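Take a look at the structure below.
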Amino acid sequence: MKIKIFIRIILAAGVLGIVFIESLAWSQAKPGAETNLILEEMAALDPAFKTIIDAVVLGDMQRITPALMGVTEARERVEKAVKAGGKILLPRNQGQLREFLYLDEQFHINLEELGRAAETGQKKVVKNYAHKLLDACVVCHEKYRK
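In my numbering, the protein residues as written are 1 to 146.
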């Protein structure tokens, strides 16, 4: 059972890495294009998830809090940009932006819970949240990614 979960986490991390690279290439392929606020967060999530997986595998929960700082900072930049009039552009299903924003909010709530569990050394809880978050990534990418 533990091996199955570990393998799913590793596979999900691989998928995230590929999606991140694709997204980065897509955004850089359009010179002068408006900053994509979603990619801003994706760029921070990629290394954070790699660190979370390493921390779970190595049993070193202290690695997680610093890794989440970049995600928190990216989220704050996105919120600031939206307040200043920036738009969240979805690659697909733009008409479902409200649902996307709900999923995004739930994702960040779960990410905060993962961070709290890491701070108190609760490896099993961290592992469960990591699994839940990676599943949420897959669902979101299936629905909103081209």
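C-beta: ideal position from N, C-alpha, C; glycine also. No experiment lies behind these values; they were computed from the predicted model shown.
Around the C-beta of residue i, are 16 or more other C-beta atoms found within 10 angstroms, so that it is buried, or is it exposed?
{"i": "residue 102", "result": "exposed"}
{"i": "residue 56", "result": "buried"}
{"i": "residue 48", "result": "buried"}
{"i": "residue 84", "result": "exposed"}
{"i": "residue 52", "result": "buried"}
{"i": "residue 59", "result": "exposed"}
Thinking C-beta only, is residue j closer than 8 Å to residue i?
{"i": "residue 61", "j": "residue 123", "result": "yes"}
{"i": "residue 156", "j": "residue 71", "result": "No statement about residue 156 is possible, as the shown extent of the chain runs from 1 to 146 and does not include it."}
{"i": "residue 74", "j": "residue 105", "result": "no"}
When the Cα of residue i is compared with those of the options, which residue comes out closest?
{"i": "residue 126", "options": "135, 113, 136 and 40", "result": "113"}
{"i": "residue 110", "options": "130, 119, 120 and 146", "result": "130"}
{"i": "residue 79", "options": "89, 37 and 115", "result": "37"}
{"i": "residue 108", "options": "146, 132, 143 and 66", "result": "132"}
{"i": "residue 63", "options": "121, 137, 135 and 144", "result": "121"}
{"i": "residue 146", "options": "42, 54 and 91", "result": "91"}
Every unbroken beta strand (DSSP E) inside the stretch 31-57 [3 residues or more] | Counting whole runs of 3 or more residues, the stretch 31-57 contains no beta strand (DSSP E) stretch at all.
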